[in-house]
Structures are given as structure tokens and as C-alpha cells.
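**Q** Take any residue in the sequence shown, note its place counting from 1, add 46, and you have its number in our numbering.
All C-beta atoms, glycine included, are put in the ideal place defined by N, C-alpha and C.
Computed from a predicted structure; not experimentally measured.
Here you go, one structure.
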Amino acid sequence: MANPGLTEIPVNKPLTAKDFQSDQEVRWCPGCGDYAILAAVTSVFPKLGIRHENFVVVSGIGCSSRFPYYTSAYGFHGIHGRAPAIATGLKMMNRDLSVWVVTGDGDGMSIGGNHLIHTMRRNADLKILLFNNRIYGLTKGQASPTSEMGKRTTSSPYGTYERPFNTISLVLGAECTFVARSVDVYRNHLQETLMKAAQHRGTAFIEIFQNCNIFNDGAFADVTEPTVRDDRNLLLRHGQPLVFGKTTRKGIRRSPQTGVLEVVELGDGITEEDLVVHDERRPDPDLAFELSRLTHPLFPTPLGVFRSVELPTSEDLIWAQVDKARASKPRSDLGALLRRGDVWEVTDEGKIIQLGIE
């Protein structure tokens, strides 16, 4: 679908957030975290220096997947879990497009799981935003693949027995080239993270903690509550030691005895030089994976860019093959191809004539 107002924006007119807001009524529940994410995305789009008509937003099924209706970019509301496949096809055929995939923990981590990980394996040049509220919101509160073990929901009245996916660990296992995490209500951090993802060539994945105040209110209170968040958030900064806390006097180091990551208090001989330095550009995802396993209450929750490395994109590799094939072979005749081999024609009189005999 295309927004009717798309062609009304002059080519040379500086774009603003308003240019990316559609005329459709936004129909999420009052207080939903999706509103904040929509505002962040439409604020970032005009800053990217990309022509308005080159933006595409693709979604699957779920509350988050209404996103294409609420932006004035080109959009495609796909079927459950298939947004990465649709988006890959779009990008493959038009490399000028800036293609954004919007999905949720239910849509992306369940039926869409294979599409998601193979998109990352191929390193398609897509920006994937996964809204994680740890619940199925659109279908009224069932346990999702990221719901906490033991969580009571309409589909698990005695508590879910399944272990939840660690979303960041999963996509790092698929060797995604850009992996990050942010929070719906952290406006500046979210916009900064979106900008970094947009500037990355290859698959850029952002998990966004998003509150569903109807069916799973407070799912991330241990991260967002003002009274505790300074001690519960670990902001990842490339080339900087892993420090956190209200007075930045806590840090993450590698235990001298076991080699595993641990929380320490700075002082009494422990300095920032003893801490792990974040390196998002390491070719291997080992450190990023270790950080993805840090969970409350033993550790703070890492936010920011876990990994950002440059590798050839699937579009570059495939079109290189196409160009090579075109250069090495004469232009094919489609008619000759169709008539080659075992091909027959049945005439009106019932006579069978064999064609394409070589």
C-alpha cells in the first residue's frame, strides 16, 4: 500500500517527523509503549537523508504490526511471521530502498523464527525492530516465547512451563551483524540506537522493551523504575569500561579466579582498568553473547549496541553473481528455453507433435 499523500511532498523540501505521520487514527491502547516507539521512528526518518519515497515499513501480525498504517512511508502488512521474507524480496529487487521490519516477540520469535534467523544469516540489509512485551497482546494476553517461566496467563493459568527465549542471545547465535537493545520510554537512547541501526549496512536488529499496560503491565519495571534504573541498567559504550550505578561506582570485570563476568565495586584496589572494555566491533560475537546472558537480579540489564560489524550483504553477493553470469554468457532466448527438451504440443485434432528435440 502507498499513502495517497506520498507524492504531495516536494522533492527538495526538508523532511520533518510530520511528513512521516499518516492520516490514520492510531489505534493502540491508551498508554501503550508503541506510541513512544512510533514517535521515535518518525523523528529519526527525516534525519537520515533518504528520499521519502524510498522508505518502506513491513510488518507481520500483532499490535506492533499496525505500524505501516501509522507512517506515511510505503508499507506492507504481511502475514504472521513472514515480514522478514517479504522485506528481503523488496530489498533484493531495489537496493535504493530503506526497508524497516516491525515485529513483536510473538510474531518474530514464534512462527517467524526461521525467517528471522535466516535473514540474519544472509545479512540482508534490513532494519528489524522487535517490540518485546513478553505477551501476546493482540489476542488478549497469552504467554509468548519471551514470557517468564512460570508466568500465569490466559493460555497458562497454572504458569508457563517453557523457558523463554533470550532474544539477544538468539540473534547473536545467528551471527547478526548489528544487535542492540533499547526501551520504549528511553526517548533519547532509543533515537540514538535507531540512528546507529539505520547507518549500518546489513541486518540491524533492535530489541525494544515495550510495556503492555493492559495484559502485562510492569514487565520491565526492574529496568525502567526511576528509583532503581540507575543500578539496573548497563549502558554499553564502544571502547569504554563497563561501569554502571547511580554514582558509576559499580562495574563488570572478568573474575581472576574463574574468568567469568562478575559485578564489583570500584575502590579498595579495584579501578576501571580492571573492568571489561566493551568492543562492539569484535569479529566474533563472543563478548556480545556473554553480555546478553547478564540478567537481573545478579547483573544489570545491558542496553545499547552489543555488536556492530561489517560483512557483505546478501544483495551485494547475489547481484555480483548475476552480473558475473551476464558477462560470461550470451543473452538467453526465453522462447528457445521453453521449447528445449521434452516438450509436446496437442493440436485441436488430438495430434501430438514433439517439439524442442535437440
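Should the region 220-240 be called in touch with the region 162-175, which here means at least 3 C-beta pairs below 8 Å?
**A** Using a Cβ-Cβ distance cut-off of 8 Å, the region 220-240 and the region 162-175 are in contact, since at least three pairs of beta carbons, one from each stretch, lie closer than that value.
**Q** Less than 8 Å separating the beta-carbons of residue 162 and residue 150?
**A** By 1-based counting over the sequence shown, the position of residue 162 is 116. By 1-based counting over the sequence shown, the position of residue 150 is 104. No, they are not a contact pair.
**Q** Taking residue 323 and residue 286 to be in contact with their CB atoms under 8 Å, please state how far apart those CB atoms are, rounded to whole angstroms.
**A** In the sequence shown, the residue the question calls residue 323 occupies position 277. In the sequence shown, the residue the question calls residue 286 occupies position 240. 7 Å between Cβ atoms; contact.
**Q** Ends of the alpha helix (DSSP H) at residue 299?
**A** As a first step, residue 299 must be located in the sequence shown, where it is residue number 253. Here residue 299 belongs to no alpha helix (DSSP H); instead the beta strand (DSSP E) covers 296-300.
**Q** Pick from 92, 298, 73 and 135: whose alpha carbon is nearest that of residue 307?
**A** In the sequence shown, residue 307 corresponds to position 261, counting from 1. The shortest C-alpha separation from residue 307 is found at 298.
**Q** Taking the Cβ atom as the reference point for each residue, do residue 215 and residue 353 lie within a distance shorter than 8 Å?
**A** Within the sequence shown, the letter at position 169 stands for residue 215. Within the sequence shown, the letter at position 307 stands for residue 353. Note that the C-beta distance between residue 215 and residue 353 is not below 8 Å.
**Q** In terms of alpha-carbon separation, which member of 226, 81 and 395 lies closest to residue 326?
**A** Mapped onto the sequence shown, residue 326 falls at position 280. For residue 326, the nearest C-alpha among the options comes from 226.
**Q** What's the gap between the Cα of residue 383 and the Cα of residue 255?
**A** By 1-based counting over the sequence shown, the position of residue 383 is 337. By 1-based counting over the sequence shown, the position of residue 255 is 209. C-alpha separation (whole angstroms): 53 Å.
**Q** Are the CB atoms of residue 102 and residue 120 within a distance shorter than 8 Å?
**A** Numbered from 1 along the sequence shown, position 74 holds the residue referred to as residue 120. Numbered from 1 along the sequence shown, position 56 holds the residue referred to as residue 102. Contact: yes.
**Q** Decide if the region 243-254 is in contact with the region 356-369; the criterion is three or more beta carbon pairs, one per stretch, under 8 Å apart.
**A** yes
**Q** What is the DSSP secondary structure of residue 198, counted as helix, strand or coil?
**A** As a position in the sequence shown, residue 198 is number 152, starting the count at 1. Of the three classes helix, strand and coil, the one that applies to residue 198 here is coil, per DSSP.
**Q** Apart from the five residues just before and just after residue 197, which ones in its own chain have a Cβ nearer than 7 Å to its Cβ?
**A** The residue labelled residue 197 in the question sits at position 151 within the sequence shown. Closer than 7 Å at the Cβ level, and outside the excluded window around residue 197, lie 189, 205 and 206.
**Q** Can you grab the Cα-Cα spacing for the pair residue 234 / residue 264, in whole Å?
**A** Taking the sequence shown and counting its residues from 1, one reaches residue 234 at position 188. Taking the sequence shown and counting its residues from 1, one reaches residue 264 at position 218. Taking the straight line joining both Cα atoms gives about 21 Å.
**Q** Who are the near neighbours of residue 336 in its chain, counting only those whose CB is closer than 8 Å to its CB and skipping five residues on each side?
**A** As a position in the sequence shown, residue 336 is number 290, starting the count at 1. Taken in chain order, the residues that qualify are 307.
**Q** Measuring straight from C-alpha to C-alpha, what distance separates residue 271 and residue 367?
**A** Locating residue 271 in the sequence shown gives position 225, where the first residue counts as 1. Locating residue 367 in the sequence shown gives position 321, where the first residue counts as 1. So the two alpha carbons sit approximately 52 Å from each other.
**Q** Within 8 Å, do at least three Cβ pairs link the region 137-145 to the region 84-101?
**A** yes
**Q** How far does the alpha helix (DSSP H) with residue 234 in it extend, from its first residue to its last?
**A** Locating residue 234 in the sequence shown gives position 188, counting from the first residue. Segment 233-244, the alpha helix (DSSP H) holding residue 234.
**Q** Comparing C-alpha positions only, which one of 301, 328, 333 and 332 sits nearest to residue 320?
**A** Taking the first residue of the sequence shown as position 1, residue 320 is located at position 274. Of the candidates 301, 328, 333 and 332, the one whose C-alpha sits nearest the C-alpha of residue 320 is 301.
**Q** Check residue 311 in the structure and name its three-state DSSP category.
**A** If you number the sequence shown from 1, residue 311 lands on position 265. Strand.
**Q** Under 8 Å, do residue 134 and residue 170 count as touching if we go by C-beta distance?
**A** The residue labelled residue 134 in the question sits at position 88 within the sequence shown. The residue labelled residue 170 in the question sits at position 124 within the sequence shown. Cβ atoms of residue 134 and residue 170: closer than 8 Å.
**Q** Quick check: what's the CA-CA separation for residue 32 versus residue 236?
**A** Summary: the structure shown does not reach residue 32, with the chain confined to residues 47 through 404, and so no result is reported for it.
**Q** Below 8 Å between beta carbons: does that hold for residue 122 and residue 183?
**A** On the sequence shown, position 76 is the one that residue 122 refers to. On the sequence shown, position 137 is the one that residue 183 refers to. No, they are not a contact pair.
**Q** Once DSSP output is grouped into helix, strand and coil, what is the label at residue 374?
**A** In the sequence shown, counting from the first residue as 1, residue 374 sits at position 328. The answer is helix: DSSP assigns residue 374 an H, G or I state.
**Q** Count the other C-beta atoms from every protein chain shown that fall within 10 angstroms of the C-beta of residue 194, then say buried if there are 16 or more, exposed otherwise.
**A** Against the sequence shown, residue 194 aligns to sequence position 148. Note on residue 194: under 16 other CB atoms within 10 angstroms of its CB, so exposed under the neighbour-count rule.
**Q** If contacts are defined as beta-carbon pairs under 8 Å, then residue 269 and residue 217 qualify, I think. What distance do you get, rounded to the angstrom?
**A** Position 223 of the sequence shown, counted from the first residue, corresponds to residue 269. Position 171 of the sequence shown, counted from the first residue, corresponds to residue 217. Actually they are not in contact, since the Cβ atoms of residue 269 and residue 217 sit about 19 Å apart, beyond 8 Å.
**Q** Mark residue 51 as exposed unless 16 or more other C-beta atoms lie within 10 angstroms of its C-beta, in which case mark it buried.
**A** Taking the sequence shown and counting its residues from 1, one reaches residue 51 at position 5. Only weak support is given to the placement of residue 51: the predicted model assigns it a pLDDT of 37, under 50, and the value that follows is read from those uncertain coordinates. That one is exposed.
**Q** Could you pull the start and end residues of the beta strand (DSSP E) that residue 347 belongs to?
**A** Position 301 of the sequence shown, counting from 1, holds the residue named residue 347. Per DSSP, residue 347 belongs to the beta strand (DSSP E) from 347-354.
**Q** Measure the C-alpha to C-alpha separation of residue 66 and residue 115 and round it to an integer number of angstroms.
**A** Locating residue 66 in the sequence shown gives position 20, counting from the first residue. Locating residue 115 in the sequence shown gives position 69, counting from the first residue. Each residue's alpha carbon lies about 11 Å from the other.
**Q** Can you list, in chain order, the residues of its chain with a C-beta nearer than 6 Å to that of residue 88? Leave out the 5 residues immediately preceding and following it.
**A** What you label residue 88 is simply residue 42 of the sequence shown in a count that begins at 1. Cβ within range, chain order: 63, 66 and 67.
**Q** With distances taken Cα to Cα, identify the nearest neighbour of residue 317 among 303, 395 and 296.
**A** Taking the sequence shown and counting its residues from 1, one reaches residue 317 at position 271. The shortest Cα separation from residue 317 among 303, 395 and 296 belongs to 296.
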